[in-house]
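Letter 666 of the sequence shown, counting from 1, is numbered 666 in full-length UniProt numbering, and no numbers are missing.
C-beta atoms are modelled at their ideal positions from N, C-alpha and C, and glycine is treated no differently.
A quick write-up on the structure given underneath.
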Amino acid sequence: MSSSTASSTSLPRGGDRNEITVKGDTTQALLKNLQPATEYELFVSARYTSGVGDPLIGTGTTLEELGSPRDLTTRDVTDTSFLVSWVPAPGNVRQYRIKWKSLYGEEAGEKTIPGDNTAVVLDGLTPETRYQVSVSAVYGHGEGQPLNGEETTDISAAAKVIVVSEETERSMKVTWQPAPGNVLNYRVTYKPKSGGRQLAAKVPGGNTSTVLRRLTALTTYDLTVLPVYRSGEGKAREGEGTTLTPYKGPRNLQTSDPSRTSFRVTWDPAPGDVKGYKVQFHPVGEDIDLGELLVGPYDNTVVLEELRAGTKYTVSVFGMFDGGESLPLAGEENTTLSDDPDTTVFPPSEVTCKTKAQADIVLLVDGSWSIGRLNFKTIRAFIGRMVGVFDIGPDKVQVGLAQYSGDPKTEWHLNAHPTRKSLLEAVANLPYKGGNTMTGMALNYILQNNFKENVGMRPNARKIGVLVTDGKSQDDVHQRAQSLRNENIELYAVGIKNAEENELRSIASDPDSIHMYNVADFSFLLDIVDNLTDNLCNSVKGPGGPPEAPTNLVTSDATHQSFRASWTPPEDLPDKYRVEYTSPTGQTRQVYVDGEENTVVLQGLNPLTQYGVEVFSVVDEESSEPLQGVETTLPLSAVRSMDVYDEHTTTMRVRWEEVDGATGYILRYDAINATQPTVEQEIRMGQDKTNSPAREVIPQHSLRDLCLGIVWRVSKHTPERSRSHTYVVDKQMCCFLVTPDLQQADRRKSPCPSVPLPPAGELRVRDVTHSTMNLDWDAAPGPVEKYLITYKPDTGDPKELEVDGSVTSKKLDNLISQTEYSLAVTPIYDVGPAQPMLGEAITDVVPAPKNLQFSDVTQTSFRATWDHGAPDVALYRIGWSKKGENNFQYEILNNDETTYVLENLEIDTPYDVSVTAIYPDEAESEDLLGTEKTLSKSDVTRLPYAPATNLVVYNETTTSLNARWNPAPGPVKNYSVTYVPTSGGRPQTTQVSGRKTSILLPKLTPDTEYSIGVTAIYPKGCQQGPDRSRKDQTSGGCKELASHRPHHQHSQCQMGAC
């Protein structure tokens, strides 16, 4: 058979036929451009020149295409998961294989999903970590190329929070949780929430806190912390912080007067331009049940009302300013279980005001919070006693009442109560209003609303206003009171407890002695009610009431024991005048003068004393208002021109001008600068001593037997008056004093004259640390006795110390960190202090410990060691937690402990470690941070058992020794210390904790050499040592102790000669 070609035909099932031709000597063919995963029918026919033979029939199936998915996307990102989706790969994908790996560590994972899914959620991931993700299509005979992408999990809610602490007016500390991975640094940005320039700070990647400084007071800042990696930025931590208010709060909060339902709160005013106070209160532990009162800037007391009985309350007082409020001043008080105590009892008055005059009286009563319900009961009783003396009626006396605090309110008008009975019932039922003290508004209110004819005011009746208040007004009162007086309204002002006296004077009509009252407490109202009632009665009686007072009081002819008082009589002469005169001690005397006389000499007075004088017209035993004045008696005559002369080593002479009327002289002298105590000497001389011819003009006397070189004080006395002089004798300073020779002489000692002192030099401050600073200053000229150094922190009491006058520098220590100090160095001379040299400085922040290192790492423990940041550390706080977690455990160590073994840790686990230095002023340093990982099981071949090293003996006494050593590596459980006399004896053993590296060995034999060994005891009974031993000798009480330690195993002490 011969042929020239063969034809091959392929036909997919259900598809079109395709055909190719190959040479007749070929028995195979490659079919191209077929559809993947498709079964084909195959026909191979031999073509001859004579025709085509019968086909060879068969089937074949193409393989699946190994494709890749497209367009990988991520979304729904949380802190532990995100969703991955993609466009499906071509062909019959049986599965998708998804792999992910952390770019920050060894974390990796893999999962497969059915081929008809194109999305998957990857969960259980680490927060704030960037992952590389790949998705591969899995076919029946292989796997396509992976589709790759990256995504970063979100930051966790806990890590997102920024913690703000240690806020001041100008700074705050910002702390955050560390970001995972190799953080190069953190960028901290902060910007005022209300708008302004954004600032930034750069913090090393190993730190998780920083202090932001130079901030604006009372400002809220938006804070952002961004971890910075080599590949870009991580997830942001966000928060906000507010600097403290610059406004100083009130001080000295006190609570008092507790009752079943109320108590009083009092405080000292806040400094500065305070606009008011906010008082908040609630039962302890129940912040929701919050009460609040707002009071004015002049109120510093308030009574909290309607409280629960038998309950402890927390109360806070804030100072309110234009720009904000201060920090609260807090306190606590308990209400009682008993009923309110009885108020002050005002017994009914037996006095009545007998008059036919008509008067309209409006009472203006303060009902502010500072009074309180209990004291308001006292005010009700006071008002009832005051108005109960009047005959009430439409043609007699009418009484209206308005109560005020924040806004005034009329309780009843003038015509509301036509009888005394109904008026007193209204007073007894007067409600307590509560609010702020707005007296000016209230005065205007009664003028506009109560002194009106349409509410009962009668045109021809006397118009009287009576104010009762317990506090300073928070608005203007002077103009409002003047407006009332301009309408012929006579004003009385009664102040209680916290009332401001000058304000009461500006309200009350003249004279103040009749119209103004001020008492220290509500209980004292009983003491003034009768006098106030008498004066009100006289005001109601009007011009037909008390007699007309005299006018134009004149005093004259003053001597040291008398003066004359004269006055102009009234138009209608009285029956007589009553003249009262009062000394500064409060003693009042009176004389009566006939009505036809208008002058009197007041006698028997004290020299150099101011007397108050009041003159009353008296008619039928009724007195007028007083005519008032003051006069001062003359002083006694004084010795003048005293002189010291003719000084010798043990004598000096004294002379003075003669005093008219003097009956004698007393001369006293005593030493000022004697090194031994001296007794004052006295010489008495009669008047005849001044009449000798040699002393006709200038009396004189010689002082003998004086000590050489001592400064003397000389006193000269006459019966009239004292006088002091200063002289210089032999270049020494003397002070001479002359006092009167009276039975109870006032011997006043005049100071020596001031000596001009040199100006201050310059004070310099250097080498400032957190707790110390060095001062040096210019030496003051002259004989400086000493220097007084004063240093005061910005919040605290000043401290003082003294140094010798030859010293010009001083180191101040035990200062408070981050505190501004005001400094003063004052030279002190023998005659007093000179001008101080002033300065100021701010101490630094306390330094953190340094050089944190780790050693002795085992599966369950490792040792942390660090160096001191400063020598005055009081304590250390070491904390540790699994890396990335925030449940730190803490231990407090003494200042001499700079190493610590962290035990009971988990195997193969990294731990974050922080070491904080705590200083004597309780300031804490920045944290020193580090990370160490415990060993895994595969890392440990044997525990690092080894002995302690470098045993040292020190501080030997007659009966004790101290020993210390370097710690053994690994988890030492205890140290066993054995000591025995080298001359023989029974060994003694004691143990200390594996955390300690020193011990005191007590109760030893004096002058004895001991051999000492330290053995490290590990868990499960393993022991190492004693690899180091010492021989040392207790002291025998000799003068010298020479220690010789020729090698590391022994030490010997030889005692010096006794």
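- Between Leu423 and Val399, the gap from beta carbon to beta carbon is short of 9 Å.
- A direct Cα-to-Cα measurement between Glu682 and Asp670 gives close to 9 Å.
- Among the bridge pairs identified by DSSP, Ala508 is matched with none.
- In terms of CA proximity to Val831, Val784 leads the group Phe862, Val784, Asp794, Gly869.
- By the Cβ neighbour-count rule, Thr301 is buried, with 16 or more other Cβ atoms within 10 Å of its own.
- Taken through DSSP and simplified to helix, strand or coil, His141 comes out as coil.
- Runs of alpha helix (DSSP H) with 4 or more residues, each lying fully within the region 264 to 308, are absent.
- Residue Met172 holds the alpha-carbon nearest to the alpha-carbon of Gly239 among Met172, Asn182, Gln988, Lys202.
- Contact check for Gly324 against Ala270 fails: the beta carbons are separated by 9 Å or more.
- Rounded to whole angstroms, the gap between the alpha carbons of Ser194 and Val87 is 47 Å.
- Assigned with DSSP and collapsed to three states, Lys882 falls in strand.
- Of the candidates Asp475, Lys377, Val77, the residue whose Cα lies closest to the Cα of Ser523 is Lys377.
- Within the model, the alpha-carbon separation for Val427 versus Val317 is close to 33 Å.
- Counting along the chain, no beta strand (DSSP E) covers Asn486; the unbroken alpha helix (DSSP H) around it starts and ends at 478 to 486.
- Annotation: the continuous beta strand (DSSP E) that includes Thr978 extends over 974 to 981.
- Of the candidates Cys353, Asp299, Ile379, the residue whose Cα lies closest to the Cα of Lys541 is Cys353.
- Counting every other CB atom within 10 Å of its CB across the protein chains shown gives Gly60 a total below 16, marking it as exposed.
- DSSP places Phe854 in the uninterrupted beta strand (DSSP E) bounded by 850 to 855.
- In this model, Ala565 and Asp521 are separated by some 38 Å (Cα to Cα).
- Cβ-Cβ distances below 8 Å link Gly393 to Pro418, Thr419 in the same chain, with the five nearest sequence neighbours on each side left out; the list follows chain order.
- The Cβ neighbour count for Ser983, taken over all protein chains shown within 10 Å, is under 16; the residue is labelled exposed.
- Between Arg964 and Thr997, the gap from beta carbon to beta carbon is short of 9 Å.
- Out of Glu932, His560, Ser914, Pro192, the CA that lies nearest to the CA of Gln859 is found in Glu932.
- Per DSSP, the beta bridge partners of Gly232 are Tyr229.
- Bounds of the alpha helix (DSSP H) holding Phe382 are 372 to 387.
- Leaving aside the five residues that flank Pro258 on each side, the residues in its chain whose CB is nearer than 7 Å to its CB run, in chain order, Glu333, Asn334, Thr335, Thr336.
- Secondary-structure assignment with DSSP links Gln603 through no beta bridge to anything.
- Secondary structure remark: continuous beta strand (DSSP E) runs of at least 3 residues inside the UniProt domain "Fibronectin type-III" (549 to 637), in chain order: 551 to 556, 563 to 568, 576 to 582, 588 to 594, 599 to 602, 610 to 619, 627 to 632.
- Across the set Val295, Val362, Glu306, Gly296, the C-alpha of Glu306 shows the shortest separation from the C-alpha of Asp289.
- Going by C-alpha positions, Val845 is about 31 Å away from Pro910.
- Listed as beta-bridge partners of Val825 by DSSP are Ile789, Met837.
- Residue pairing by DSSP places Tyr104 in no beta bridge whatsoever.
- Ranked by how close their Cα comes to the Cα of Leu147, the residues Leu293, Gln132, Arg47 have Gln132 in first place.
- For Met441, the enclosing alpha helix (DSSP H) covers residues 439 to 449.
- Check the Cα spacing between Lys937 and each of Glu906, Leu484, Ile496, Arg766: the tightest is with Glu906.
- Pairing Pro607 with Glu503, the inter-Cα distance amounts to about 36 Å.
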